[in-house]
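Each residue of the sequence shown is one higher than the one before, counting from 7 in my numbering.
Notes follow once the structure below has been shown.
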Amino acid sequence: MYRTKQLLTGSNLFDIINTILLSLLLVFTLYPFLNVIALSLNDATDSMKGGIYLLPRQFTLFNYQDLIRDSHIWHAGMISLLRTVIAVVSGVFLTAMVAYTISRKDYVLRSFITMAYVFTMYIDGGLIPTYFLIRDVGLVNNFAVYVLPGIVTAFNLLVIRTYIHSLPESLNESAKIDGAGDFRIFVQIIFPLCMPVLATIALFIAVSQWNAWFDTFLYASNNPNLSTLQYELMKILQSANQQVTGTMEQALQDASAGQTEHAVTPGSIRATMTVVSSLPIILVYPFLQRYFVKGLTLGGVKG
7 MYRTKQLLTG SNLFDIINTI LLSLLLVFTL YPFLNVIALS LNDATDSMKG
57 GIYLLPRQFT LFNYQDLIRD SHIWHAGMIS LLRTVIAVVS GVFLTAMVAY
107 TISRKDYVLR SFITMAYVFT MYIDGGLIPT YFLIRDVGLV NNFAVYVLPG
157 IVTAFNLLVI RTYIHSLPES LNESAKIDGA GDFRIFVQII FPLCMPVLAT
207 IALFIAVSQW NAWFDTFLYA SNNPNLSTLQ YELMKILQSA NQQVTGTMEQ
257 ALQDASAGQT EHAVTPGSIR ATMTVVSSLP IILVYPFLQR YFVKGLTLGG
307 VKG
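Shown next as structure tokens:
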């Protein structure tokens, strides 16, 4: 009895409660995604009957085959992939370069530039002025609108700058004694040493770019060639809510007539597109996870 009381006190009790709460959080977080996967792998007409939870009742891949046959989805997916790759590469490199510049104590404008970036974290121009600015610089219906406006953000800049501050100052001094210039010091010494925090920032940018759809709606909705995968998903989600009643009636009529083979519904397409659009980030995350915790911890305290 005494030993039981000892086990349930202090840190042990905290660990037990923490484990229970995290387990519940895991269930609540994971279940919706597993349910969407099950719906995407289940026959569309059968899914309308309900009762699909973790496993498909009538397994089929036709929902994915129907989605793959749509060439417009492929094109939107390529635009999303292209904007993500370009934004990650250019954003990480330029943000690191600016962070290294304002981290140097001998740079005269370091305080001014830092305050200017911090100012943007609290004061925003607003939606309409921002749209007019984007329009006036010629970025409407231009692919560059996906990359240029947010290529160096204040949050990412401060995280990387803080990480660079943790590096020994003697690295710069010894490199300068050996005759290295500022750009060479940044590329060959600072940049490789910042890999953990750069991987973290790369993941932030990749998730943000891959999931973005509002900028497509604002600046490129009139150009189908610049439509992104998430924007197409948003349109399908909207149309699914409007068409679901009629589609269910048609599907039930087909079921009565024995014509349910390879039927699709807005709900099945919606579940399939959700899985397809989430899959790239899920596949990339394990490769960056080993850098993620270290980079977030060392760069998370902004100064």
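Cβ coordinates follow ideal geometry from the N, Cα and C atoms, glycine included.
Note that the coordinates shown come from a computational prediction; the quantities given were computed from them, not determined experimentally.
So what does residue i bridge to, in DSSP terms?
i: N48; result: F65
Under 8 Å between the Cβ atoms of residue i and residue j?
i: L67; j: A105; result: no
i: R276; j: L243; result: yes
i: Q215; j: R116; result: no
i: P62; j: N41; result: no
i: A218; j: L294; result: no
i: I166; j: T107; result: no
i: L45; j: S274; result: yes
i: Y225; j: V146; result: yes
i: Y137; j: A93; result: no
i: I288; j: A212; result: no
i: A160; j: T126; result: yes
i: I79; j: L73; result: yes
i: P313; j: Y297; result: Because the chain here runs from 7 to 309, residue 313 falls outside it and cannot be looked at.
Where do the ends of the alpha helix (DSSP H) carrying residue i lie?
i: F192; result: F192 -> no alpha helix (DSSP H), and no H or E assigned at all.
i: K182; result: 176 to 183
i: W80; result: 77 to 109
i: W216; result: 201 to 217
i: Y128; result: 116 to 128
i: F138; result: 133 to 142
i: D221; result: 220 to 225
i: L164; result: 160 to 171
To the nearest angstrom, report how far apart residue i and residue j are at their CA atoms.
i: S180; j: Y113; result: 18 Å
i: K241; j: R110; result: 47 Å
i: T35; j: G83; result: 26 Å
i: I58; j: S283; result: 21 Å
i: D52; j: T278; result: 15 Å
i: Q236; j: P272; result: 16 Å
i: I195; j: L177; result: 8 Å
i: A122; j: I157; result: 16 Å
i: F220; j: L60; result: 31 Å
i: N24; j: V33; result: 14 Å
i: P174; j: L199; result: 11 Å
i: M54; j: I43; result: 15 Å
i: N229; j: T222; result: 9 Å
i: K182; j: V193; result: 14 Å
i: L239; j: F99; result: 30 Å
i: I85; j: S29; result: 37 Å
i: F197; j: L232; result: 33 Å
i: S172; j: S96; result: 24 Å
i: L19; j: L31; result: 18 Å
i: V281; j: A186; result: 49 Å
i: L204; j: I170; result: 11 Å
i: H81; j: V91; result: 15 Å
i: F65; j: N148; result: 42 Å
i: L285; j: P135; result: 35 Å
i: R75; j: Y291; result: 28 Å
i: F118; j: D184; result: 31 Å
i: S77; j: Q71; result: 12 Å
i: A50; j: I26; result: 36 Å
i: L133; j: V143; result: 16 Å
i: T120; j: T234; result: 33 Å
i: M103; j: V124; result: 17 Å
i: L139; j: Y128; result: 19 Å
i: N69; j: F210; result: 30 Å
i: G131; j: T168; result: 27 Å
i: F39; j: A150; result: 33 Å
Give a yes or no on whether 8 Å exceeds the smallest Cβ distance from residue i to chain D.
i: I134; result: Chain labels in this structure do not include chain D; a single protein chain is all it has.
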